[in-house]
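So the protein sequences, as listed, match chains A and B. Following this note's numbering, the numbering of the first sequence begins with 62 at its first residue and continues without gaps. Following this note's numbering, the numbering of the second sequence begins with -1 at its first residue and continues without gaps. Right, one structure below, let's go through it.
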Amino acid sequence: GESVGLHLPTLSVQEGDNSIINCAYSNSASDYFIWYKQESGKGPQFIIDIRSNMDKRQGQRVTVLLNKTVKHLSLQIAATQPGDSAVYFCAEQGGTSYGKLTFGQGTILTVHP
Amino acid sequence: EPEVTQTPSHQVTQMGQEVILRCVPISNHLYFYWYRQILGQKVEFLVSFYNNEISEKSEIFDDQFSVERPDGSNFTLKIRSTKLEDSAMYFCASTLRNTEAFFGQGTRLTVV
């Protein structure tokens, strides 16, 4: 069935390091992907998105890479800060299901000062 | 900055009771959603709502669940007879059209 999953459930980095969070998806019809950050007790917060006609998109300190050949998505965070500590979810959306997102399991990112 | 607001932030209810979770989506958005997240698990889609009707729902969204947009601003999720396994964070989200979904802060539902 359709699924979106993460390779690594936890990631610990030192402040200032770059972080890479990975995600695999299985629905080849997915055409829109989003990374969300979730802090404890809060709702998912949009970080960055990418559509299937692109393979890279950059934001402020964040980059999303999409490899459709192997159905892989990654989030790169440059110069990670303690405030980046959170759970990161990838989510995918396919076809005409506007907003119906299928979330991955989440990766816990811990940034040590 | 516009945001999705949810009330209450925490709801405790007895098993078998009805609960209504409330949401005010972003005002110009067209699509509305409910998701839930059981503690420590991923966020799961429940239902999407567009043009005053359900456009899609998941297997979780059974006959005990219903949604309503009673006026131009509120979007509600009703659980008719709560079960222990309904305990979760419930998130409302809205989107304009095939753009990123904005999520509320969630309602923590505890069924005892």
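From the three backbone atoms N, C-alpha and C, an ideal C-beta is built for every residue, glycine too. Nothing here was measured: the structure is a model prediction, and the numbers come from that model.
| query | result |
| --- | --- |
| Looking at valine 172/A and valine 74/A, is the spacing between their C-beta atoms short of 8 angstroms? | yes |
| Do leucine 126/A and phenylalanine 94/A count as a contact pair if the criterion is CB distance below 8 angstroms? | no |
| State the DSSP-derived secondary structure class of glycine 155/A, mapped to helix, strand or coil. | strand |
| Under the three-state reduction of DSSP, which class applies to leucine 44/B: helix, strand or coil? | strand |
| Is leucine 82/B helix, strand or coil by DSSP? | helix |
| Just to confirm my understanding: we take glycine 14/B, look at its own chain, exclude 5 residues before and 5 after, and list those with CB closer than 7 angstroms. What are they? | Ser79 and Thr80 |
| List the residues that DSSP assigns as beta-bridge partners of threonine 130/A. | Answer by DSSP bridge pairing: none, since threonine 130/A is not bridged. |
| Starting from phenylalanine 55/B, follow the beta strand (DSSP E) in both directions and report where the run begins and ends. | Looking at the sequence itself, residue 55/B is lysine, so the reference to phenylalanine does not match. Its beta strand (DSSP E) spans residues 51 to 55. |
| Please look up how many angstroms separate the CB atoms of isoleucine 138/A and serine 80/A, rounded, as I've assumed it's under 8 angstroms. | 4 angstroms |
| When we look at the beta-carbon of threonine 93/B and count the other beta-carbons within 10 Å, is it buried (16 or more) or exposed? | buried |
| Measure the alpha-carbon distance for glutamine 142/A versus glutamine 35/B and round it to whole angstroms. | 26 angstroms |
| For leucine 67/A, which residues of its own chain have a beta-carbon under 6 angstroms away from its beta-carbon, when the five flanking residues on both sides are left out? | Caution is warranted here: a pLDDT of 40 is assigned to leucine 67/A, below 50, making its placement in the model unreliable, and the coordinate value is therefore given only provisionally. Same-chain partners within the cutoff: Cys84, Gly165, Gln166 and Thr168. |
| Going along chain A, which residues have a C-beta under 9 angstroms from alanine 86/B? | Here the premise fails: no neighbours, minimum Cβ distance about 13 angstroms. |
| Among Thr5/B, Leu37/B and Asn49/B, which residue has its Cα nearest to the Cα of lysine 76/B? | Thr5/B |
| By the criterion of Cβ-Cβ separation under 8 angstroms, what are the contact partners of glutamate 51/B in chain A? | Within chain A, no residue comes near glutamate 51/B; the closest Cβ sits about 14 angstroms away, beyond 8 angstroms. |
| Taking 8 angstroms as the threshold (beta carbon to beta carbon), is threonine 168/A in contact with chain B? | no |
| Express the C-alpha separation of glutamate 153/A and cysteine 21/B in angstroms, rounding to a whole number. | 23 angstroms |
| Starting from threonine 171/A and walking both ways along the beta strand (DSSP E), at which residues does that stretch end? | 168 to 173 |
| By the three-class DSSP mapping on this structure, what secondary structure does glycine 145/A have? | The question names glycine, but residue 145/A is aspartate in the sequence shown. Helix. |
| Using a beta-carbon distance below 8 angstroms, is glutamate 54/B in contact with chain A? | yes |
| Tell me which residues share the same chain as arginine 67/B and place their Cβ nearer than 8 angstroms to its Cβ, disregarding the 5 neighbours each side in the sequence. | Phe30, Phe47, Asn50, Phe73 and Thr74 |
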